[in-house]
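Counting in this note's numbering, the sequence shown runs from 2 upward without gaps. So the structure is just underneath, and the comments pick up after that.
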Amino acid sequence: MPASSSPSPPGHAPPGWLEVWLEAGREGRTFTYANPSGLAIGVGDLVRVRLQGRPHTGLVVATAAACPAAMEGRSILPLDAVLESAAIDPLWQALLEVVARQCHTGLFRTLKSALPPGWLGQARRPPGQGRVLWTVRPNLAPAGEAVTPRQQELLDHLASHGGGRLLRDLVQEAGFGRSLIGTMERRGLILREAVRGPSKSGGAPGLAGGGAGAGSPRLESAQPPSPAQAAAMAAIADAPPGQSLLLWGVTGSGKTEVYLQAAARALAAGRSVLILAPEIGLIPQLLDRCRRRFGPAVIEYHSGMGDGERVVAWRRCLEAARRREPCLAVGTRSAIFLPLGQLGLIVLDEEHDASYKQESPMPCYHAREVARLRARQTGARLVLGSATPSLETWWRCQPRPHGQPADTRLLALPERIGRRPLPPVRLVDMRQELVDGHRRLISRPLMARLETLKERGEQAVVLVPRRGYRSFLSCRSCGEVVLCPHCDVALTVHRGPRAGGREGREWLRCHWCDHRQEMGDRCGHCGSTAFKPFGAGTQRVMEQLATELEGLRLIRFDRDTTRGRDGHRRLLERFAAGEADVLVGTQMLAKGMDLPRVTLAAVLAADGLLHRPDLRAAEQCLQLLLQLAGRAGRGERPGEVLVQTYSPDHPVIRHLVDGRYAAFLAEELELRRQGGMVPFGRACLLRLAGPTASGTATAAAALAERIRPAVEAAGWVVIGPAPAPVARAAGRSRWQLLLHGSPMAADGAADGAPQGDTTLPLPPEADLRRALPPGVSL
Ligand code: ADP
Ligand code: ZN
Ligand code: ZN
2 MPASSSPSPP GHAPPGWLEV WLEAGREGRT FTYANPSGLA IGVGDLVRVR
52 LQGRPHTGLV VATAAACPAA MEGRSILPLD AVLESAAIDP LWQALLEVVA
102 RQCHTGLFRT LKSALPPGWL GQARRPPGQG RVLWTVRPNL APAGEAVTPR
152 QQELLDHLAS HGGGRLLRDL VQEAGFGRSL IGTMERRGLI LREAVRGPSK
202 SGGAPGLAGG GAGAGSPRLE SAQPPSPAQA AAMAAIADAP PGQSLLLWGV
252 TGSGKTEVYL QAAARALAAG RSVLILAPEI GLIPQLLDRC RRRFGPAVIE
302 YHSGMGDGER VVAWRRCLEA ARRREPCLAV GTRSAIFLPL GQLGLIVLDE
352 EHDASYKQES PMPCYHAREV ARLRARQTGA RLVLGSATPS LETWWRCQPR
402 PHGQPADTRL LALPERIGRR PLPPVRLVDM RQELVDGHRR LISRPLMARL
452 ETLKERGEQA VVLVPRRGYR SFLSCRSCGE VVLCPHCDVA LTVHRGPRAG
502 GREGREWLRC HWCDHRQEMG DRCGHCGSTA FKPFGAGTQR VMEQLATELE
552 GLRLIRFDRD TTRGRDGHRR LLERFAAGEA DVLVGTQMLA KGMDLPRVTL
602 AAVLAADGLL HRPDLRAAEQ CLQLLLQLAG RAGRGERPGE VLVQTYSPDH
652 PVIRHLVDGR YAAFLAEELE LRRQGGMVPF GRACLLRLAG PTASGTATAA
702 AALAERIRPA VEAAGWVVIG PAPAPVARAA GRSRWQLLLH GSPMAADGAA
752 DGAPQGDTTL PLPPEADLRR ALPPGVSL
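Structure follows, in structure tokens:
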């Protein structure tokens with residue numbers, strides 16, 4: 002099913018036949034419909050059609066003048082109605098086609114992943130279900146629209162209620178008529194927003210141009226930039242369209258201020274801006290800063306929002322694009338697909354963060370790569386910001402052979418604002434602690450530091466690699482570790498209430514599949530009753546701190562305590578307000594928060610982070626530890642970092658202490674070069690899962706033989722099949738094939754032909770999947 006025919010140009014004969022994508026089944030599929038009444042229809046339109054007698058909303062993905070050969074002689078249903086023209090922009094669809102090709106999957110899967118959940122169903126949802134709020138569409142340009150005085154009154158009324166109004170309020174309290182509201186909705190002057198739960202500042206009056214906040218005294222104005230910031234802003238402004246730039250600056254060096262001023266410039270030039278952060282937890286702070294600068298019209302988009310809210314945010318971008326008005330959107334990974342028009346600037350903050358890569362479901366896209374494609378396609382500038390750039394991005398900043406300029410421009414913010422020094426790193430050798438007979442989780446130096454914390458009015462963050470109480474449970478007699486019955490991973494000991502469990506007891510939980518069970522009385526292997534829990538999770542660290550340092554107030558910050566939409570924000574606000582002295586948390590604690598009273602950042606078990614079976618383990622560990630270090634000493638008082646480890650000589654720890662991240666990258670790049678690893682080689686992992694180990698292994702071997710000829714003809718090799726690092730998860734056996742390819746052409750990346758050299762020598766994903774035995778998935 003070709004999905005790329007272009008919409009019929011205006012004035013042309015309307016198409017007689019359509020391919021319509023319906024969200025039926027896992028990726029949806031297309032169906033052919035006729036257009037007997039000659040409606041003007043093009044690719045990207047939303048239509049209503051019938052399938053098995055029931056109405057469905059579908060997306061037109063192709064049109065044809067003649068009946069498709071496969072449908073010849075069969076009765077073809079007519080479509081019911083056109084619901085919306087150009088719901089999808091051809092340029093946007095072209096982007097998705099490239100992403101689908103690069104991720105080796107189909108367009109429909111990619112569409113499904115890119116569009117907000119429930120997008121196709123939106124037109125079917127009867128209005129009035131849930132709460133419906135009315136708002137002004139973003140960027141209303143009052144001069145350009147002819148509106149009646151009464152319509153203007155309604156617009157003013159809505160604009161003064163930034164969060165939107167209920168229909169009831171408009172009709173009963175403010176006295177507006179339903180027909181007036183209906184007319185204005187049809188003209189696109191106002192928007193209907195379905196909202197679940199309490200309303201947030203969603204719809205709003207127009208986006209302020211930024212900067213001085215002209216006409217809106219409540220807006221914050223831009224900071225006068227430092228020389229380094231000014232140079233970075235100028236470089237972004239002068240960069241050619243489509244250019245990528247790396248903004249490398251330690252935490253607190255003023256990167257966000259650079260984003261905001263670059264955004265103001267793009268908006269003033271009538272171009273849209275997209276700012277991404279890797280985690281939902283970072284969105285509130287970023288959104289607040291954007292709204293303080295640009296007003297409430299800043300659009301929010303991430304998976305923490307309800308489906309209805311996401312559809313509304315999507316529509317606001319689309320409406321603005323149709324009117325050629327700029328918007329500013331802030332979101333996580335999936336926001337890279339927002340249908341913003343006239344993109345002028347894309348920012349990826351914390352660009353090194355692994356959360357930018359979607360691991361499942363397919364397509365396994367990387368938001369940074371999609372951003373590069375989008376920037377080239379639209380001429381937007383791409384700014385990648387980080388204190389610890391990814392190896393790939395740093396590599397792209399290196400000069401290339403034959404005097405060609407580097408693919409990505411490097412901009413540095415070498416100092417913290419106010420010249421606050423980066424905190425020194427102190428190591429605590431836990432082996433020495435043991436020798437000295439101190440067998441506690443919390444070393445003596447850390448203890449001493451925490452003891453004086455409160456009287457000095459300071460705060461600390463403590464990183465514990467795992468949540469829960471203990472890492473795992475093992476038998477003292479036979480050494481057997483208690484594993485999840487469905488996965489090949491150790492169960493984690495938790496303490497406290499759980500659904501169906503007894504209060505205050507310890508119980509076990511799998512962090513992969515969420516299996517939960519009681520802690521047994523004896524070892525399932527040898528029958529011994531002597532179990533020993535090992536390692537420490539956030540819960541146990543909390544308990545230890547509470548018993549050893551009386552009066553120290555603690556907050557636990559991990560996936561268990563930050564549930565819900567505002568979970569992160571609530572806890573951070575409490576901590577920032579001084580409700581606690583120490584924040585004990587997992588990796589999410591290291592990311593991007595600005596907490597001026599924190600003077601100590603401590604890592605309890607750095608070793609848990611160092612030894613992971615992953616190509617990027619060292620890189621990611623150092624990034625995490627440096628990010629954590631960035632939490633300390635952001636305010637007036639100097640900070641300190643304290644790292645407890647059993648491997649003080651590990652290269653990552655060495656570079657953490659000497660603070661020379663660039664030296665680490667250079668060493669790591671050399672290792673990768675020698676090993677022919679990313680970015681010097683290309684790799685693709687195919688993972689199969691099936692009900693039995695032998696069946697899955699056989700399927701994997703068969704798949705390997707099937708693809709081997711084409712893969713080897715292209716100069717690639719097939720490695721495996723081998724069991725996956727976690728060979729069983731959620732009751733399914735996992736096997737994998739690794740495809741390893743020749744280095745990427747050195748200059749392939751910058752010539753504006755992004756896809757050319759990234760295609761895998763593989764048949765399409767759907768074909769591979771079809772060849773698998775039943776029950777085995779890819
Ligand atoms: P980063 O994003 O690199 O962590 P921020 O942009 O958040 O850095 O800046 C750190 C702090 O310095 C913030 O409180 C910010 O308001 C302040 N700041 C940034 N730029 C300036 C400037 N040019 N003048 C004064 N303060 C600034
Ligand atoms: Zn499990
Ligand atoms: Zn045992």
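Ideal Cβ positions, reconstructed from N, Cα and C, are used throughout, including at glycine. This one's a predicted model, so the numbers in the text were calculated from it and none came from an experiment.
Following a CB-centred definition, is residue i positioned closer than 7 Å to any heavy atom of ligand 1?
i           : result
residue 720 : no
residue 389 : no
residue 224 : yes
residue 255 : yes
residue 284 : no
residue 250 : yes
residue 418 : yes
residue 289 : no
residue 595 : yes
residue 258 : yes
residue 227 : yes
residue 628 : no
Nearest-angstrom Cα distance between residue i and residue j?
i           : j           : result
residue 282 : residue 331 : 13 Å
residue 103 : residue 261 : 32 Å
residue 739 : residue 100 : 21 Å
residue 690 : residue 777 : 6 Å
residue 459 : residue 598 : 5 Å
residue 630 : residue 41  : 59 Å
residue 225 : residue 293 : 16 Å
residue 254 : residue 285 : 20 Å
residue 517 : residue 487 : 11 Å
residue 456 : residue 664 : 39 Å
residue 783 : residue 365 : The first residue shown for the chain is 2 and the last is 779, placing residue 783 beyond what the model contains.
residue 573 : residue 588 : 14 Å
residue 638 : residue 453 : 15 Å
residue 361 : residue 725 : 15 Å
residue 766 : residue 108 : 11 Å
residue 483 : residue 90  : 53 Å
residue 479 : residue 522 : 15 Å
residue 388 : residue 15  : 54 Å
For residue i, which residues does DSSP report across the bridge?
i           : result
residue 430 : 646
residue 409 : 245
residue 79  : 35
residue 495 : 508
residue 778 : 690
residue 736 : 689 and 724
residue 135 : 166 and 193
residue 730 : 733
residue 58  : 49
residue 367 : 358
residue 556 : 584
residue 455 : Residue 455 is not bridged to any residue.
residue 518 : 509
residue 109 : Paired residue(s): none; residue 109 is not in a bridge.
Tell me whether residue i sits in a helix, a strand or coil according to DSSP, three-state version.
i           : result
residue 657 : helix
residue 22  : strand
residue 318 : helix
residue 308 : helix
residue 173 : helix
residue 335 : helix
residue 64  : strand
residue 460 : strand
residue 476 : strand
residue 786 : Residue coverage of the chain in this structure runs from 2 to 779, which leaves residue 786 outside it and unanswerable.
residue 703 : helix
Determine whether the Cβ of residue i lies closer than 8 Å to any Cβ atom of chain C.
i           : result
residue 248 : Considering every chain present, this structure includes no chain C. It has just one protein chain.
Please go through the segment 584 to 655 and give each complete alpha helix (DSSP H) segment of 4 or more residues, from N-terminal end onward.
-> For the segment 584 to 655, the full-length alpha helix (DSSP H) segments reaching 4 residues or more read 608 to 611 and 618 to 630 along the chain.
Length-filtered (4 minimum) alpha helix (DSSP H) runs lying within the segment 253 to 308 | 256 to 269 and 284 to 295
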